[in-house]
Structures are given as C-alpha cells and as structure tokens.
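A.B. asks: Residues in the sequence shown are numbered consecutively from 1, following full-length UniProt numbering. I have a structure here, written as structure tokens, and I will follow up with some questions on it.
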Amino acid sequence: MSTARHADSGRFAETPVQKAALVYGIVFLIVGIGGFIPGLTTGIDTLRFAGHGSEAMLLGVFQVSILHNLVHVLYGAAGIAVARTWGASKQYLIWGGAVYAVLWLYGLLVPHDHGANFVPLNTADNWLHFALAVAMIGLGILLGRTQRPHRRGNGDEHLAV
C-alpha cells in the first residue's frame, strides 16, 4: 500500500531553499576562516577576542574580532548542516536573517567606539548585515513557501507546488 507523506526528503540541498542555505553556509564559513588569515585580514596583529579595540579588517573593509569570526564559522557550519532538510533550511534563512536585522539595528544604535560594541561592528558591517537580513529573509520566504519535498511510499519523489 502506497501512502503519501509530507516530510523532508533528507536529500542534501535538493530544493532551492536548501541550496540557498548551503550557499550561505559555505560563504559564512569562508568569511569566518578568512577573518583569521593574514592578507585577507589587515591588521591581524590587532585582532582581539571581542570589542571595538580590534582593528583587524577583513578585506580591509569589515571590522572583525575572534568572536565575530567564530560566529561566522558557526553560522556557516549551521547553514551547511541544515541544507539536508527543507524545513531547517527555511528556518535558517528566515531566523538567520532576523538575527542579522537585529545586528544591523544594534550597529546603528551603538557608537563604534563604545564598550557595548562587543562584536565589533563598523559602518561597512552594518550595511552588509542589512543586506544579509533582507536577502536571507526574502529567500527563506520566497523559496520556502512552494518547494517542500514530498515522498511517496514507493520511493518516488516530487516537489509540491
């Protein structure tokens, strides 16, 4: 007897939303690792664990710290891990984008040289976080609404539309 069930297929990066999560995961992982590499990061000798005192700049533009880089590495690993399922990929993009929206607002409200700027964030970081928030939330909503995988009892799969 063949019964249809509504479930994630478990196939790695099968749907567009899963592919988007995978791409974001890979990019975040590369950025996080890049923040520790001299040449990609200028002022690497000023890299601090956290706080605005870190003057290290990824690509000479984005202020980074050890904490900032580790967060990118973890975000990257999470994106790669969730690319296995449709639902987790959608949630990663939407909630990850929401976190970046909060970081954008935080960066706008907290002065760059203030002690509360623990991440650290500069103007370039702020606007990148805004762009990431819009893109991630948008992709999570747009790609995640119609591409949920279905699996039939006989092993045949199709995408719901």
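For every residue, glycine included, the Cβ atom is placed at its ideal position computed from N, Cα and C. Please read these numbers as outputs of a predicted model, since none were measured by experiment.
Smallest Cα separation from ASP125: which of ILE141, ALA83, ALA81 and GLY60?
C.D. replies: Checking every option, the nearest Cα to that of ASP125 belongs to GLY60.
A.B. asks: Counting only runs of 3+ residues fully inside the stretch 72 to 159, write out the beta strand (DSSP E) ranges in chain order.
C.D. replies: Within the stretch 72 to 159, the complete beta strand (DSSP E) runs of at least 3 residues are 149 to 151 and 157 to 159.
A.B. asks: Just to confirm the assignment, what range does the alpha helix (DSSP H) spanning PHE28 have?
C.D. replies: It spans 16 to 34 - the alpha helix (DSSP H) in which PHE28 sits, taken as one unbroken run.
A.B. asks: How many Å lie between LEU74 and ILE30 at the Cα?
C.D. replies: Cα to Cα, LEU74 sits roughly 11 Å from ILE30.
A.B. asks: Count the C-beta pairs between the stretch 101 to 108 and the stretch 116 to 123 that are closer than 8 Å, then say yes if the count reaches three, no if not.
C.D. replies: At 8 Å Cβ cutoff, the stretches touch.
A.B. asks: Taking buried to mean at least 16 other C-beta atoms within 10 Å of its own C-beta, is ILE37 buried or exposed?
C.D. replies: Result: exposed.
A.B. asks: Could you say if the stretch 54 to 70 and the stretch 17 to 24 meet the contact criterion of at least three C-beta pairs nearer than 8 Å?
C.D. replies: Because the criterion of three Cβ pairs below 8 Å is not met, the stretch 54 to 70 and the stretch 17 to 24 do not touch.
A.B. asks: With distance defined between alpha-carbon atoms, name the residue in LEU109, ALA13, TRP86 and HIS52 nearest to GLY115.
C.D. replies: Nearest C-alpha to GLY115: HIS52.
A.B. asks: Spatial neighbours of GLY43 within its chain, please: CB distance less than 8 Å, with the 5 preceding and 5 following residues excluded, ordered by chain position.
C.D. replies: Result list for GLY43: GLU55, ALA56 and MET57, in chain order.
A.B. asks: Tell me whether LEU70 sits in a helix, a strand or coil according to DSSP, three-state version.
C.D. replies: Three-state DSSP puts LEU70 in a helix.
A.B. asks: Residues in its own chain within less than 6 Å of GLY25 by CB, not counting five upstream and five downstream?
C.D. replies: Within the same chain, GLY25 has close Cβ partners GLY76, GLY79 and ILE80.
A.B. asks: Tell me which residues share the same chain as GLY140 and place their Cβ nearer than 6 Å to its Cβ, disregarding the 5 neighbours each side in the sequence.
C.D. replies: Cβ neighbours of GLY140 beyond the five flanking positions: LYS90, LEU93 and ILE94.
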